[in-house]
Amino acid sequence: MTVSLRKGPPTPTPYPLASRGTDSAPRVVDVDGVQFGGKEFVVIAGPCAVENEKQLMAAAEAVCRAGARVLRGGAFKPRTSPYSFQGLGKAGLELLAKARRATGLKIVTEVTSSETLGPVCEVADILQIGSRNMSNFALLKDVGRSGKPVLLKRGMAAKVSEFLMAAEYILAEGNPNVILCERGVVTFDTVTRNLFDIGAVPVIKALSHLPIIVDPSHAAGHREYITALSRAGLAVGADGLILEVHPHPDDALCDGPQSITTQHFADLMAELAPLALAMGRSLHA
Ligand code: PEP
Ligand code: MN
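So the working numbering is basically just the index in the sequence shown, starting at one, shifted up by 178.
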């Protein structure tokens with residue numbers, strides 16, 4: 179497969195499997211009936227980190243009631259400081275399994291190392307590769323070989339081409355089920371945690387056939403901007419959202435300032451429903 183940006187011999191693309199090519203239809207990633215890249219605007223929600231049973235079950239039941247399709251929650255947390263809460267590890271995975279049994283929600287949780295891939299695969303319906311691991315090529319190959327759907331987050335300082343080449347590592351292992359996630363890139367300004375690169379969504383749609391969702395939580399860093407950025411994600415053509423929702427955000431062990439309450443999430447879903455219809459999409463809410 180080739181892309182040609184100028185006259186002359188065609189330039190081979192460095193990501194032939196992730197590339198849209200000339201005639202490839204958008205890929206629908208089907209996670210046991212939840213389809214990313216189809217008509218539905220798929221919403222993933224839950225806490226940044228699994229903290230305890232009460233917190234996770236309250237979040238899971240609330241986001242399920244409001245129309246989320248997938249529960250997020252980190253059991254292994256890739257924290258910038260080694261002294262920050264690192265997650266509950268395997269005990270967190272067990273709580274995620276319990277939340278799935280109680281609600282029927284699919285589970286997405288982060289895998290931070292090849293050593294813990296086995297236990298994470300036992301629980302996760304979708305493996306999350308975080309921004310800090312987007313260029314961990316050994317891990318990308320291992321999740322590629324796992325056969326599980328992968329939610330690949332853009333590195334915080336990665337170009338779109340580097341992002342698509344990271345996806346290529348997974349695809350090249352024979353795993354076609356990659357969902358991309360734009361979560362903001364580093365910027366000089368400090369008013370938001372990252373710069374929400376909304377323009378990357380149509381660019382990636384033009385370059386790749388893979389579904390792409392957006393993460394307003396890590397882009398904004400502040401909960402007061404989540405509603406507006408979620409609307410923007412839907413309007414710009416993303417295939418879904420991943421949002422941090424916590425029953426008591428001010429007590430969260432991780433990413434509290436950007437986490438919305440369960441009531442805020444329910445209000446947001448009600449607001450997005452007519453917008454989804456106007457965009458020719460459907461929302462499970
Ligand atoms: C997360 O989803 O909690 C997370 C750590 O996100 P990112 O990898 O985008 O920073
Ligand atoms: Mn987080």
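C-beta: ideal position from N, C-alpha, C; glycine also.
Report whether the distance from the Cβ of residue i to the nearest heavy atom of the ligand MN is below 7 Å.
i    : result
D422 : A small fix is needed here, since residue 422 is Glu in this sequence, not Asp. Answer for E422: yes, Cβ within range of the ligand MN.
D433 : yes
So, is residue i buried or exposed, given that buried needs 16 or more other C-beta atoms within 10 angstroms?
i    : result
N230 : exposed
P204 : exposed
S202 : exposed
F366 : exposed
D320 : buried
K383 : buried
G458 : exposed
A398 : buried
V241 : buried
V212 : buried
Taking C-beta to C-beta, are residue i and residue j nearer than 8 Å?
i    : j    : result
I438 : R401 : yes
F263 : A237 : no
M334 : V363 : yes
A302 : K326 : yes
E346 : A196 : yes
K331 : R361 : yes
M235 : A280 : yes
R250 : V286 : yes
L450 : L412 : yes
P297 : L271 : yes
Can you tell me whether residue i sits near the ligand PEP, meaning its C-beta is under 7 Å from at least one heavy atom of the ligand?
i    : result
S309 : yes
D303 : no
H400 : no
G548 : The displayed coordinates of the chain run from 179 to 463. Any statement about residue 548 would go beyond what the structure contains.
D375 : no
R371 : no
K331 : yes
C242 : no
P256 : yes
Tell me which residue opens and which closes the beta strand (DSSP E) that residue i is part of.
i    : result
V356 : 356 to 360
S284 : One point to set straight first is that residue 284 is Lys, not Ser, in the sequence displayed. From DSSP, the beta strand (DSSP E) with K284 extends over 284 to 288.
Which whole-angstrom value describes the C-beta separation of residue i and residue j, a residue pair presumed to lie in contact below a C-beta threshold of 8 Å?
i    : j    : result
L358 : S324 : So it is not a contact: roughly 18 Å between Cβ atoms.
G245 : L419 : Not confirmed; about 11 Å, so no contact.
V423 : G224 : 6 Å
T304 : K284 : According to the sequence provided, residue 304 is Ile. The question's Thr does not apply to it. The Cβ separation is near 7 Å, so the contact holds.
G215 : D417 : 5 Å
V392 : V379 : 7 Å
Could you tell me the boundaries of the alpha helix (DSSP H) in which residue i lies?
i    : result
F315 : 315 to 324
Q477 : No answer is possible for residue 477: the residues shown for the chain start at 179 and end at 463.
F341 : 338 to 349
K232 : 231 to 244
V379 : 378 to 385
F443 : 440 to 456
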